[in-house]
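Going by UniProt numbering, the sequence shown opens with residue 1, and the numbers climb by one from there.
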Amino acid sequence: MFVAMNRFKIVKGKEQAFEDVWRSRQSRLQERPGFIVFHLLKGPEREDYVLYASHALWETRQHFIDWTHSEHFREAHKNAGQNRDLYLGGPEFEGFDAVLTEANPNYAPTAAA
1 MFVAMNRFKI
11 VKGKEQAFED
21 VWRSRQSRLQ
31 ERPGFIVFHL
41 LKGPEREDYV
51 LYASHALWET
61 RQHFIDWTHS
71 EHFREAHKNA
81 GQNRDLYLGG
91 PEFEGFDAVL
101 TEANPNYAPT
111 AAA
């Protein structure tokens, strides 16, 4: 498993606009081989920004790389530069290969999840 994450420092007061950009985009991730799940996470609030992270799980690093070279990737990111006023700096990418996985066999997602 490969975890692809980006961290975003969002200007305070622009959180809703940032979230709306993500909600309205058409990522087409579900059409990509190896894609498992995506989360947009809201983190701690700092003096001048709120931390967010995008978190995507892929079967392998190669599946993720293939997506980054795809037309789907280009389409999903074509308007990224139009919202620079929402950010303090650019996204910070982090990629991780799973070396250990432990699942809860008793976990069942709730409707709210």
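Heads up, the beta-carbon is just placed ideally off N, CA and C, and yes, glycines get one too.
Based on the DSSP secondary-structure assignment, which residues constitute the bridge partners of residue i?
i      : result
Gly-95 : Ala-4
Would you grab the beta carbon distance between residue i and residue j for me? Rounded to a whole angstrom, and I think it's under 8 Å.
i      : j       : result
Ser-24 : Leu-40  : Not confirmed; about 12 Å, so no contact.
Tyr-49 : Val-21  : That belief does not hold up - the Cβ atoms of Tyr-49 and Val-21 are roughly 16 Å apart, past 8 Å.
Glu-31 : His-72  : 6 Å
Gly-95 : Phe-35  : Between Phe-35 and Gly-95 the Cβ distance is about 15 Å, and since that is not below 8 Å, they are no contact.
Lys-9  : Tyr-107 : The pair is not a contact, with the Cβ atoms about 32 Å apart (cut-off 8 Å).
Ala-4  : Ala-56  : 5 Å
Along the chain, which unbroken stretches of the alpha helix (DSSP H) at least 4 residues long are found entirely within the UniProt domain "ABM" (2-96)? 15-24, 61-68, 71-77
Determine, using beta-carbon pairs with one atom in the region 92-103 and one in the region 29-44, whether at least three such pairs fall under 8 Å. no
Count Cβ pairs between the region 61-70 and the region 11-22 that sit closer than 8 Å; are there 3 or more? no
Indicate whether the contact test is met: 3 or more Cβ pairs, each with one atom in the region 83-92 and one in the region 56-63, closer than 8 Å. no
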